[in-house]
Amino acid sequence: MPDFNETVTLTDLSIWDGDRLIDADTLQLCAGVITFIGQGEEARISDPAISCSGLTLLPGLIDAHVHLELNPDEKDPPDKTRPEVIPLMRERAAKMAAAGITTARDLGGGAWFELALRDEIAAGQTPGPRLICAGQPITTPSGHCHFWGGQAASAGEAHAVLKRQVEHGVDLIKIMATGGRMTKGSQPTDAQFSQATLSSLVAAAHQQALPVAAHCHGTEGIRRAAHACVDSIEHCSWVGPEGWASDYQAEVAEIILENKVWVSPTVNKGWQRMLDNPSGKVLGRVRSAYQQMVDKGIPMMASTDAGIPGVYHADLPHALKVFAGIAQLDQSATLKSATSAAALGLGISDITGNIEVGKSADLLIVDGDPLSDLAALANPVHVFCAGRQVTA
Ligand SMILES: [Zn+2]
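With the sequence shown counted from 1, adding 1220 to any position gets you my numbering.
Structure follows, in structure tokens:
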């Protein structure tokens, strides 16, 4: 494996830069950043050089919604976060990196273990994607994911939970704006905080320069979160009394668009079940909601909610094909949603998401051409996370 501080040259590549295929076949990286992109004959070919004939290089993938702490094999989350989970979290991070996921946003845990992991990875002590962490989500008593410790019975308590996250060094704030399926007694349709509380929490987070992600299934929660100017709406399921995706409201979508809120749809590969039943009622509704959001120009970033039952941490490369099928996106738009667009949505486009000199060397090199078939994403040959080569 090359030394972090020596120049590595990748030759004979096709390069998709996060926007288009570019006229270059060679890339060099050194000390974590991309230092050269161009034709092989212009490059001062260094040793080590890695020949990549037949391979395509693209920006490393970004999963905008994961939970490192959750075990996908457990039906019910544990009532308390215990230190025994730490080595498992390291394993999960290593698997994500090996699959080509070079950045992930962790949207909730109970004991800030993922923040310690974030710092270990950044220091090069353990392999994994760059992590952006929310810590404990702010929720209501017995509300969605209350077992993580972020319960608040009043606006004052909610602000105290927020302050606690800031003290622990989080990168953003997560608010549960509706109930969810994973928590017994909580209902996806129900909004969890008043407009006034949500708006004041978002303002307080923004004052600390922290973005806000809001978990939203029901339409009323989506409306309040969009109105409060959160930075991303997670799930955006448009759940109404008639069920999943039954309550899309154009007027709420308009607020999302106007307030420049990103949607992080958490489409995992299990949604393939829906695609396998094309005459299903729910598929029709979900597709129609996505179609309308896409047509309106609402920006989306790919995400999986990895860690919830049955959704594994390294699944994003497989989930993207399913997301494309649900939202009816072409390959290029789908790849953008997990690279350049996701970096914009997470506010890190100055660091990653594109193949550009000076950007972090977050590189996924796959066998074949993902622009003609997204299935190629499942065959990573080389991965670099912030310039560190990862082995499967
Ligand atoms: Zn989640």
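Where is the CB? At the ideal position from N, CA and C, for every residue including glycine.
So, is the C-beta of residue i closer than 8 Å to a C-beta in chain C?
i: GLY1438; result: Of the protein chains in the structure, only one exists, and it is not chain C.
Answer yes or no: the CB of residue i versus the heavy atoms of ligand 2, is any distance below 7 Å?
i: ASP1299; result: No copy of ligand 2 occurs in the structure displayed; its ligands are ligand 1 alone.
Among residues of its own chain, excluding the 5 on either side of residue i, which ones have a beta-carbon nearer than 6 Å to its beta-carbon?
i: LYS1516; result: ALA1473, LEU1477
i: THR1559; result: GLY1238, PRO1279, GLY1573
i: CYS1353; result: ASP1326, GLU1334, LEU1335, ARG1338, VAL1390, ASP1391
i: ARG1443; result: VAL1472
i: ALA1425; result: ILE1393, VAL1432
i: VAL1502; result: TRP1464
i: GLY1418; result: As written in the sequence, residue 1418 is Leu, which differs from the Gly given in the question. Once the five neighbours on either side are set aside, the close Cβ partners of LEU1418 are ARG1444, ALA1448.
i: GLY1479; result: Here the sequence assigns Asn to residue 1479, which means Gly is not the residue at that position. Only ALA1446, CYS1449 meet the Cβ criterion.
Give me the residue from the options with the minimum Cα distance to residue i.
i: HIS1366; options: ILE1254, ALA1313, ASP1299; result: ASP1299
i: ILE1257; options: ILE1282, SER1273, THR1231; result: THR1231
i: GLN1428; options: MET1402, GLU1387, CYS1456; result: GLU1387
i: ASP1223; options: CYS1353, GLY1252, CYS1272; result: GLY1252
i: ALA1263; options: THR1276, LEU1247, ILE1254, LEU1275; result: LEU1247
i: LEU1351; options: LEU1594, ALA1598, ILE1571; result: ILE1571
i: SER1273; options: ALA1563, LEU1233, ALA1424; result: LEU1233
i: ARG1338; options: PRO1349, VAL1514, GLY1328; result: PRO1349
i: GLY1370; options: GLY1376, HIS1364, HIS1379, THR1359; result: THR1359
i: SER1580; options: ALA1561, PHE1604, ALA1596, ALA1598; result: PHE1604
i: ILE1575; options: TRP1236, LEU1591, PRO1431; result: TRP1236
i: LYS1295; options: LEU1594, ARG1325, ALA1563, GLY1530; result: GLY1530
i: GLU1377; options: ALA1446, SER1420, ALA1342, GLU1462; result: SER1420
i: MET1520; options: SER1452, SER1271, SER1592; result: SER1452
i: LEU1525; options: ALA1317, GLN1259, LEU1290; result: The sequence given here places Asp at residue 1525; Leu does not occur at that position. Of ALA1317, GLN1259, LEU1290, the residue nearest in Cα terms is LEU1290.
i: SER1271; options: ALA1561, VAL1601, ALA1522; result: VAL1601
i: HIS1285; options: LEU1591, GLY1588, ASN1488, ASP1293; result: ASN1488
i: LEU1430; options: ASP1550, ILE1568, GLY1329, LEU1591; result: ILE1568
i: VAL1610; options: VAL1502, HIS1364, ILE1341; result: ILE1341
i: ASP1243; options: GLY1260, HIS1533, ARG1302, VAL1586; result: GLY1260
i: MET1396; options: ARG1384, LYS1404, ALA1411, GLY1405; result: ALA1411
i: HIS1435; options: GLY1500, ARG1401, GLY1405, ASP1267; result: ARG1401
i: ALA1317; options: CYS1449, LYS1541, ASP1587, THR1346; result: THR1346
i: HIS1455; options: GLU1462, THR1301, TRP1482; result: TRP1482
i: GLY1330; options: SER1362, ARG1302, TRP1458; result: ARG1302
i: ARG1240; options: LEU1249, ILE1475, THR1276; result: THR1276
i: GLU1462; options: ALA1595, HIS1364, TRP1332, ARG1505; result: ARG1505
i: GLY1490; options: VAL1542, MET1221, CYS1449, LYS1404; result: VAL1542
i: ALA1416; options: SER1457, SER1508, SER1374; result: SER1374
i: ARG1608; options: ALA1423, PRO1297, ASP1582, ARG1312; result: ASP1582
i: SER1362; options: VAL1381, LYS1404, GLY1328, THR1322; result: LYS1404
i: ILE1518; options: ILE1475, GLN1551, ASP1245; result: ILE1475
i: ILE1217; options: ALA1544, GLY1578, PRO1537; result: Given a span of 1221 to 1612 for the chain in the structure shown, any question on residue 1217 remains unanswerable.
i: PRO1292; options: GLY1588, TYR1532, GLN1551, ALA1606; result: TYR1532
i: ASP1587; options: GLU1226, ASN1225, LEU1249, ALA1319; result: ALA1319
Using a Cβ-Cβ cutoff of less than 7 Å, which residues in the same chain neighbour residue i once the five nearest sequence positions on both sides are dropped?
i: GLN1407; result: GLY1399
i: GLY1389; result: LEU1335
i: LYS1562; result: The residue you asked about is not Lys; residue 1562 is Ala in the sequence shown. The answer, listed in chain order, is ILE1282, ALA1284, MET1521, ALA1522, GLY1573.
i: GLY1500; result: MET1494
i: VAL1305; result: GLU1289, PHE1333
i: ALA1539; result: VAL1487, ASN1488, LYS1489, THR1524
Have a look at the DSSP bridge pairing and note the partners of residue i.
i: LEU1584; result: LEU1278, VAL1603
i: SER1234; result: THR1276
i: SER1452; result: ALA1433, TRP1482
i: ALA1256; result: What sits at residue 1256 in the sequence shown is Phe, not Ala. GLN1248, per the DSSP bridge assignment.
i: ILE1270; result: LEU1230
i: ILE1242; result: ILE1235
i: ASP1283; result: ALA1324
i: VAL1459; result: GLY1438
i: ARG1608; result: CYS1605
i: ALA1411; result: THR1398
Spatial neighbours of residue i within its chain, please: CB distance less than 8 Å, with the 5 preceding and 5 following residues excluded, ordered by chain position.
i: TYR1510; result: PRO1485, ILE1546, ALA1547, GLN1548
i: GLN1512; result: TYR1468, ALA1470, ALA1473
i: GLY1460; result: THR1409, GLY1438, THR1439, SER1466, ASP1467
i: SER1613; result: Residue numbering for the chain in the displayed model covers 1221 to 1612; residue 1613 lies beyond these limits and cannot be assessed.
i: MET1309; result: LEU1288, GLU1289, PHE1333, GLU1334, LEU1337
3 or more residues per run - each beta strand (DSSP E) lying fully within the stretch 1362–1402: As far as the stretch 1362–1402 is concerned, its whole beta strand (DSSP E) runs of at least 3 residues are 1393–1396.
Beta strand (DSSP E) runs contained entirely in the stretch 1296–1376, provided each spans 3 or more residues: Runs of the beta strand (DSSP E) inside the stretch 1296–1376: 1321–1326, 1350–1353.
Just to confirm the assignment: which complete beta strand (DSSP E) runs, minimum length 3, are found wholly within the stretch 1521–1597? Runs of the beta strand (DSSP E) lying entirely within the stretch 1521–1597, each at least 3 residues long, are 1583–1587 in chain order.
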